[in-house]
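A.B. asks: The structure follows.
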Amino acid sequence: MMGFKLTIWICFHLAVAFSEDVASSCQGGGAVVCSSGQYVVYVQNGVPTCVDCPLGTYIDFESHICESCKKHTQPGFNEVILRPGRSGTDNVIVCKKGYFRSAESSSCERCSVCQSFAWAARECNAEEDTLCCTYGMVAGPSQEGGSLSCVHRRSRRAQHGGQVISSDNSDHNATDEHSDHQHSGSDSNPNHGFSKADSD
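Note that the sequence shown covers residues -17 to -1, 1 to 183 in mature numbering (1 follows the signal peptide of the UniProt record, and there is no 0).
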C-alpha cells in the first residue's frame, strides 16, 4: 500500500511539472543530490527523492541539489532539430539544408549560389556561406588568417609559394593572364561572383 501511494505521489509531481520551467520542489536543499536529467520532489513525510524530468524538459547539471527542469529548445525560422534532447540534454538545433548560420546575426540565411563566371572555392556548410571566386582567381587563407578569401592567382603564389586552392577547369587555367588583366581594371571585390538562389 505504501508503494502504491508513493507511485501516485510521484505521478502527481510529474503531471504538474509542465510549466515554462519545471521548478523543483526544494525545501531547504542539501538533503539529496540528483544527477543530470533528474530533479527533486518531496514525497510522503517530506522525504526528498530524485525523479526524471518530464518529457520535453531536461536538466544538464551533474550532482545538483535544487535545479529546475527546463523546456527543450525548439527550432526557429529555417532551423531543424539535428538530435532530439533527452532528460539530461537539450535539443541540438541546426540550420536546415541550403542554409547556414550567420556569424553576424546568428540566424539561418540562404546559401549563395555561384554564377556562371565563378567557381565554388568553399561549399556552403552549417557555419559558412559559399565562397565564390571568379575564374582566374584562387582561394587561400586571408592575410588576417582564418577564413578563406579570393585573390589573384599570381599574388597568392608569391605570398604562399603556390599553396592555393584553385578551379580544376583547365580551360580557364589557360586564360589566367587574361583574367588577371580583366580583374585589375574591374571591381576590386573578388567575392562578387555569387547570388542568392531565391529571395527569402
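Where is the CB? At the ideal position from N, CA and C, for every residue including glycine.
1) Quick check on the burial criterion: 16 or more other C-beta atoms within 10 angstroms. Buried or exposed for A101?
2) Note the first and the last residue of the continuous beta strand (DSSP E) segment covering L114.
3) Using only CA atoms, which one of H135, C116, Q57, N61 lies nearest to G68?
4) Tell me, which residues are paired with F83 by DSSP?
5) In angstroms with no decimal places, state the Cα-to-Cα distance between T117 and E106.
6) Can you tell which of G59, I48, G71, V26 has its C-alpha closest to the C-alpha of D35?
7) Counting only the same chain and skipping the five closest in sequence on each side, list residues whose C-beta sits under 8 Å from that of E62.
8) Secondary structure at Q27, three-state DSSP: helix, strand or coil?
9) Return the CA-CA distance between T32 and L65, expressed in angstroms with no decimal places.
10) Looking only at C-alpha atoms, which of V121, S89, G119 sits nearest to residue 191?
11) How big is the Cα-Cα spacing for C115 and F60?
12) Whole angstroms are fine: how far does the CA of V96 sit from the CA of Y22?
13) Using the Cα positions of G119 and A103, report the straight-line distance between them to the nearest angstrom.
14) What residue from D43, H47, I48 has the CA that sits closest to K54's CA?
15) Under the three-state reduction of DSSP, which class applies to H55: helix, strand or coil?
16) In the DSSP assignment, the beta strand (DSSP E) including H135 goes from what residue to what residue?
17) According to the Cβ coordinates, are S18 and E45 closer than 9 Å?
18) In whole angstroms, what separates the C-alpha of V30 from that of F83?
19) Less than 9 Å between the C-beta atoms of C49 and P37, yes or no?
C.D. replies: Let me lay it out:
1) buried
2) 114 to 117
3) Q57
4) E92
5) 15 Å
6) G71
7) I76, V77, C78, K79, C91
8) helix
9) 33 Å
10) The structure shown does not extend to residue 191, since the chain is modelled only from -17 through 183, so no value can be given for it.
11) 26 Å
12) 48 Å
13) 13 Å
14) D43
15) coil
16) 131 to 135
17) yes
18) 49 Å
19) no
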